[in-house]
Structure formats: structure tokens, C-alpha cells
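Sequence order for the protein chains is A and B. To convert, take the position in the first sequence, counting from 1, and add 378; that gives my numbering. To convert, take the position in the second sequence, counting from 1, and add 378; that gives my numbering. Built from N, CA and C at the ideal position, the CB exists for glycine as well.
2 protein chains.
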Amino acid sequence: MTPFETIQSAVQSLNWDKTPQGLYEPIDYALSSGGKRLRPALVIMASDMFGGNREKALPAALALEIFHNFTLLHDDVMDHAATRRGRPTVHKQFGTNAAILSGDQMLIEAYAQLEAIETDKLPQVIHWFSQMATQICEGQQLDVDFEQKTDVTIDDYLYMIRLKTSVLLANALRTGAYLANATTQQQNLLYEFGINIGIAFQLQDDLLDVYGNPDTFGKKIGGDIMEGKKTFLYLTAQAQNNNLLEKALKEKDKIHAVTQVYNQLDVRQTTEKEIVNFTNKALQCLDNIQVSDNLKQPLRDIAFKLTKRND
Amino acid sequence: MTPFETIQSAVQSLNWDKTPQGLYEPIDYALSSGGKRLRPALVIMASDMFGGNREKALPAALALEIFHNFTLLHDDVMDHAATRRGRPTVHKQFGTNAAILSGDQMLIEAYAQLEAIETDKLPQVIHWFSQMATQICEGQQLDVDFEQKTDVTIDDYLYMIRLKTSVLLANALRTGAYLANATTQQQNLLYEFGINIGIAFQLQDDLLDVYGNPDTFGKKIGGDIMEGKKTFLYLTAQAQNNNLLEKALKEKDKIHAVTQVYNQLDVRQTTEKEIVNFTNKALQCLDNIQVSDNLKQPLRDIAFKLTKRND
């Protein structure tokens, strides 16, 4: 089985047919909506890389998948998002209170999954898990703070997406490696690999919002521009010519005007360069891990796939 | 130091002066608003009872206090409650999104506290903690479900408050005893003690809503009646004479009319009898624990105090 198949089958075998139904049905809905299952698959891939037992890696993988979906659920409440993965969001489907309470229960379920980890490895895995969860909440808060701030730097932004997006991927990989008895150095290299592909992934997402293929992107092109979101593209343009960007943001056809500014300032090329830069950093980490090349291939594939999707 | 002083000083020494401030300030606000600190004090009391080291009990005590305040924070969002402990609720003070996200972070912080527990005891304490947290979410969901249901029985109600209120007290006691190396039987007896005082406590709360002293009750008398809340009093009256209750609920002065029905049906006496009943069950559990009487006194005092407050 591929790591994705292992995960998919494990997620499907979770039992949410419990009472009170009002608590568990939204969880079932959230977890059955598909999604890439990327994070739990990374746990398995990292474990595979060091010859680990998939059964031993599964609890951590499920915990991270449930946790990830918990964050989506509460984020959607906070953002008043109406759809996710082509379906109504949980709060649209079941109400805001259900989304809050079932989200809380998902966070508890994520921790409960970790109980199945071997006792001698449990303290470390739980410590990393809580640390990661805290960083993700901090990243979410910074993202909110940035909406009001006018002096966000590119470094601020990279720090924020490191917390909001990267640490989950990084921790998935580190935990998988740890459970498969990799060395501390190997764990750390995979962690850094995860940090860097996470950043590359987010910059790619920022890029696709403007330059993506409308047929395959999944979201409306220019959504970030409409919301005035401080993406990597926005901040790159702002750093180069704030006046020009400000003026474009006041235009009636904001998406067109801002895209023109991006074109004029070569923002696309700058962003693409940074994506390559972070992807290369990630691949460098992978290169430095002393295991045979074929064992690294699944993660190498992920690095390329993640940063070139929907092009 | 009394258990309450130990807890108070530990809660005050938690550091929330961290960034991003938007995430941690609401947590500081929620935890500095006082409250009885009953739950963490129960951990210490149970530990004291078996000669345990308070330092070793503190992480679990703090985890339960932070967890309890997390539930209040999210419950207040779901109930649209405006005030708590004489101050604006977190969502009124900082906004709904801050209350959701900071609440999530509190749940994570609660788990993070548990990391300080001795490694060999960590798996059991975490297992109990997640089990308890799940039961409390289930209890909250049942409470919501009961608002719509017309056929709630007294047993349904007792089951709901067992989950929503009792298991937190029970788990605090059991965990404190476990950390102080009490026997399994002693842990279980304290757990049952907690279950029973929790139910007695909730019935007392239901009673005070109608028959409390307006000067000392803290809330408006008759609030539950106005909301049509299915309390022990309501369900007792309904079981005896549903028509009479239904008619009273349609009266203009609902609080007066329903109170009259309660008086007519001796609902006050029935409730008081049940409070004594559950308190006696709790004290019976305490009696069955083989430690010297003076070591049981703090918990005996709690049992009397909890169920006779504000009379």
C-alpha cells in the first residue's frame, strides 16, 4: 500500500457512529470530506524511510490529520467561510455552535490518538505535538494581526507561514522518523525539510491565487487581492513600490490593476525564485540524510509535486 | 498553605506575557478573573490525603483549571453570555474569534501542563484527562439537545450533569490520589465521591435558581425558568403534573406561576431530599477510604460547603 492508502484506510476505520450524534456527526463530516491526507502521509513516509513499522506510526499520523481538520473547522468559523472541498463548511452545515464544540472534541480526539504510541516514546511525541499546536495557534493569530498592520515585512510573513503552515508538515516528518528510531540529526533534517517545503508550498499558493489556471485552481483567481491579503506577492510589490500598489488597490477592477503592478515589478519571477530557493533548501536537507536514495524518493516527489501543482 | 493558596499562587505564576499578545491576553484575562479554583484544589486535597507531594500534583491541577476555564470560554461564546464573574466574557471583551482561538490554545496549554507529570504516571493521567474532556463535550452536547427535546427524563438529566459537571470533579480527585500513590480502590472511591458531590452541587444550583437568596445568589432568581431550562425542578414537576407545568409556562409572570407549581408539587422538598441523598452517597465513599478521619476533613468540608452555599 502507498502511504496515502494506509492513511485513507485508517481514517475510514475511525468510528464516529457514537452518541450524542450532534457532537460526532460534524466530525465524521469533516473527516470524510477527503482532502489530500498529506500530513499523515508524511508521518508514514518518514517512518518508511527508516524502516519503521507503519502500525506504530499510525496513531501519530491520525492525530495530525484530526488536528489539521480541527484547525480548518475553527478557521472556517472565524473566517465565515461558506465552502470547503466543494461542500458547505461544518458551521454552514451544522451551525456555529456545533462547529465550535465538535472542533474542540476533535482536538481532544487528536490527543487521544497519541495514547496508542509506545510508552517510552509518548512524552516526546506529546511534547512536540503541543508545541506544534501552540505554534499553529500563534501563526493563526499573527495572520489575523497582519490584516490590520501596514508595516508587515517579508520576514514577518515568512515567520507567520512557518508557524501557520510549515510546523505541521515538519512535525509530521520528525515524529515519523522518531517513531522509526531515526537519529536526532536525521529527525532534525526532516524537520527542516518540512519547514522549507511548507514555505515553498505557501508561496506557490500565493502565486496561484494570481497566476493559477482558473480551471484547475479550485478557488476564484484574485481572491487574495480582493481581500487585500498580505501575501508574499503583495509584500514583495509593496517593498518595491508601495505607491504603485496602493493606487492599484483603489482601482475599480482591483484584480486586474494589482496583477498589472505585479507584472510590472516582476513579482511573479521573484516569487518563483523564492519557491525554487526554499524547495532547494528542502532537497538539500534530504540529501544530507544518510539513507539510500530510493528511500528518499517519495519525499522528493512530494517536494516537487507540492510546489508545482495546478501549474 | 491551604490547597487553595497553593493553587492560587501556581495559577498566578503562569506566564501569559508572550507574543502574539492577541492570543495570550484573553487567556490571562480568563484565568485572572478569580473563580473558586475548586477543581485544582481537589487534586491537591486528594494528593494531601495520601501524603502526596504537592509539587507532583500541581501540573495536573493546573491542567484541570486551565481546561475548566477553556470550557467556560467556549460555552460563553455558544451561549452568547455577556458576563462571567462580574466582568465581560472573553468574547465580549476581545471578540468571538479571539475567544475561539484563545480557547483552543487553552486546551493545548492544559495538555502541555501534563508533560511535567512523572513519566511513568503520564500515560494514565493523559488517558483519564482525554476521557474526561470527551465526556464534558458530550455532556455539553446533551445539554444543547435537551433544549429541543420534550421527553427528557430525570435519569437523562442526571446522566447529562454527570458528564457535564461531575466527571471533572471526579477526575481531579482520582488523579490527585493516583499521583500520591493511593490504591486503585481508593482512587475509585474518590472518583465516586466526586461524581456524587458534582450531582448534588448541580441540583443545589438548580434549586437556588428558584429558592436562592437574591442578595447572595449572584444571578437573577428565576433565570432557568425564564429560559425554559430543563432543570431537576422542571423535570420533577413535569413528571408529576405536566399539564399544570405547561400552563404555568404560558403565564405572563412565568417565574411566579412556575414557582407556584413547584410549591404546590413539593418540588423543593423533593430536590432537597435528592441533594441530601447524593451528598450522603458521596460521604459514604469517603467513609470507605481507609485513612485517618482528620485527613478526610477537607473533602468532607467541601461536600457540605458545596451543597449548602448561599442558602
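For a contact defined as C-beta to C-beta under 9 Å, what are the partners of V455/A on chain B?
Within the first sequence, numbered from 1, the residue matching residue 455/A stands at position 77. Ordered by position in chain B, the residues that pass the 9 Å Cβ test against V455/A are T474, N475, I478.
Taking Cβ positions, are L611/A and Y640/A nearer each other than 8 Å?
The residue given as residue 611/A occupies position 233 in the first sequence. The residue given as residue 640/A occupies position 262 in the first sequence. A contact, by the Cβ cut-off of 8 Å.
Sequence-distant residues of its chain with Cβ nearer than 7 Å to G400/B (five each side left out):
The residue given as residue 400/B occupies position 22 in the second sequence. Excluding residues within five positions, the ones whose Cβ falls inside 7 Å are A476.
I want to know whether the region 439 to 455 of chain A touches the region 409 to 419 of chain A - three or more CB-CB distances under 8 Å.
yes
To which residues of the same chain is L436/B closer than 6 Å at the C-beta, ignoring the five residues directly before and after it?
Position 58 of the second sequence holds residue 436/B. Closer than 6 Å at Cβ, skipping near neighbours: A388.
Identify whether T397/A lies in helix, strand or coil by the three-state DSSP scheme.
As a first step, residue 397/A is located in the first sequence; it is residue number 19 there, counting from the start. T397/A falls in the coil class under three-state DSSP.
So, using beta-carbon positions, are T449/A and I514/A closer together than 8 Å?
Mapped onto the first sequence, residue 449/A falls at position 71. Mapped onto the first sequence, residue 514/A falls at position 136. Yes, these two residues count as a Cβ contact at 8 Å.
Once DSSP output is grouped into helix, strand and coil, what is the label at R540/B?
Position 162 of the second sequence holds residue 540/B. Helix at R540/B.
Closest to L557/B by C-alpha separation, out of S480/B, A681/B, R462/B, M423/B, would be which residue?
By one-based count along the second sequence, residue 557/B stands at place 179. Of the candidates S480/B, A681/B, R462/B, M423/B, the one whose C-alpha sits nearest the C-alpha of L557/B is M423/B.
Neighbourhood of P381/A by C-beta, 6 Å cutoff - its chain only, sequence neighbours within 5 removed:
Taking the first residue of the first sequence as position 1, residue 381/A is located at position 3. If we look at P381/A and ignore the five residues flanking it on each side, its Cβ neighbours are A419, I422, M423.
Whole beta strand (DSSP E) elements within the region 562 to 600 of chain B, 3-residue minimum
none
Tell me which residues share the same chain as A460/A and place their Cβ nearer than 8 Å to its Cβ, disregarding the 5 neighbours each side in the sequence.
Against the first sequence, residue 460/A aligns to sequence position 82. Hits under 8 Å: P466, T467, K470.
Between the Cα of A660/B and the Cα atoms of K542/B, G576/B, F507/B, which residue gives the shortest distance?
By 1-based counting over the second sequence, the position of residue 660/B is 282. Considering only alpha carbons, the answer is G576/B.
Determine the DSSP secondary structure at R552/A, reduced to helix, strand or coil.
Numbered from 1 along the first sequence, position 174 holds the residue referred to as residue 552/A. It is helical.
Spatial neighbours of L585/A within its chain, please: C-beta separation below 6 Å, excluding the five flanking residues on both sides.
For the purposes of this step, residue 585/A is taken as the residue at position 207 of the first sequence. Closer than 6 Å at the Cβ level, and outside the excluded window around L585/A, lie T649.
Would a check of beta-carbon distances place G400/B closer than 8 Å to chain A?
Your numbering for residue 400/B matches position 22 in the second sequence. Yes - at least one Cβ of chain A is within 8 Å of the one on G400/B.
Scan the region 489 to 517 of chain A for residues whose Cβ lies nearer than 7 Å to a Cβ of chain B and list them as they occur along the chain.
Y489, A490, E493, T497, L500, P501, I504, H505, S508, A511, T512, C515, E516
Comparing alpha-carbon positions, which option in N566/A, I495/A, L500/A, T562/A lies nearest L492/B?
One-based indexing of the second sequence puts residue 492/B at position 114. Comparing Cα positions, the closest option is L500/A.
So which of T561/B, I486/B, A438/B, M510/B has the shortest CA-CA distance to K542/B?
Indexing the second sequence from 1 puts residue 542/B at position 164. When only C-alpha atoms are compared, the closest one is M510/B.
Run down chain B in chain order and give the residues with a C-beta less than 8 Å from the C-beta of I486/A.
In the first sequence, counting from the first residue as 1, residue 486/A sits at position 108. Here the neighbours are L485, S508, A511, T512, C515.
Residues in the region 517 to 543 of chain A having any Cβ partner in chain B nearer than 8 Å
Q518, Q519, L520, V522, D523
Considering just the uninterrupted stretch of the alpha helix (DSSP H) at N619/B, what are its terminal residues?
If you number the second sequence from 1, residue 619/B lands on position 241. Element bounds for N619/B: 610 to 627.
Once you ignore the five residues that flank F524/B on each side, which residues in its own chain have a CB closer than 8 Å to its CB?
Mapped onto the second sequence, residue 524/B falls at position 146. Excluding residues within five positions, the ones whose Cβ falls inside 8 Å are V530, D534, Y535, M538, K608.
Limits of the alpha helix (DSSP H) - the one that A494/B falls within:
Here residue 494/B is taken as the residue at index 116 of the second sequence, counted from 1. No alpha helix (DSSP H) holds A494/B; DSSP gives it neither H nor E.
Using a beta-carbon distance below 8 Å, is D406/B in contact with chain A?
In the second sequence, the residue the question calls residue 406/B occupies position 28. Chain A contact via Cβ: absent.
Residues within the region 433 to 452 of chain B neighbouring chain A, beta-carbon criterion of under 7 Å:
H452
Contact with chain A by D482/B, beta-carbon distance below 8 Å
Taking the second sequence and counting its residues from 1, the one referred to as residue 482/B is at position 104. Yes, contact with chain A.
Burial state of P592/A (16 or more Cβ within 10 Å)
Translated into positions along the first sequence, residue 592/A becomes position 214. P592/A is exposed by the Cβ-count criterion.
Going by beta-carbon coordinates alone, are G572/B and A548/B separated by less than 8 Å?
The residue given as residue 572/B occupies position 194 in the second sequence. The residue given as residue 548/B occupies position 170 in the second sequence. Taking 8 Å as the Cβ cut-off, G572/B and A548/B qualify as a contacting pair.
Going along the chain, which residues of its own chain have a beta-carbon closer than 8 Å to the beta-carbon of P398/B, five neighbours each way excluded?
Counted from its first residue, the second sequence places residue 398/B at position 20. The answer is none, since no qualifying residue turns up.
Quick one: Cα of Q526/B to Cα of H452/B, how far?
Here the question's residue 526/B lines up with position 148 in the second sequence. Here the question's residue 452/B lines up with position 74 in the second sequence. When rounded, the distance between both Cα atoms is 21 Å.
So which of S544/B, F428/B, L520/B has the shortest CA-CA distance to Q675/B?
In the second sequence, residue 675/B corresponds to position 297, counting from 1. Per the Cα distances, F428/B.
Please list the terminal residues of the continuous alpha helix (DSSP H) segment that includes M379/B.
In the second sequence, counting from the first residue as 1, residue 379/B sits at position 1. Run containing M379/B: none; DSSP gives neither H nor E here.
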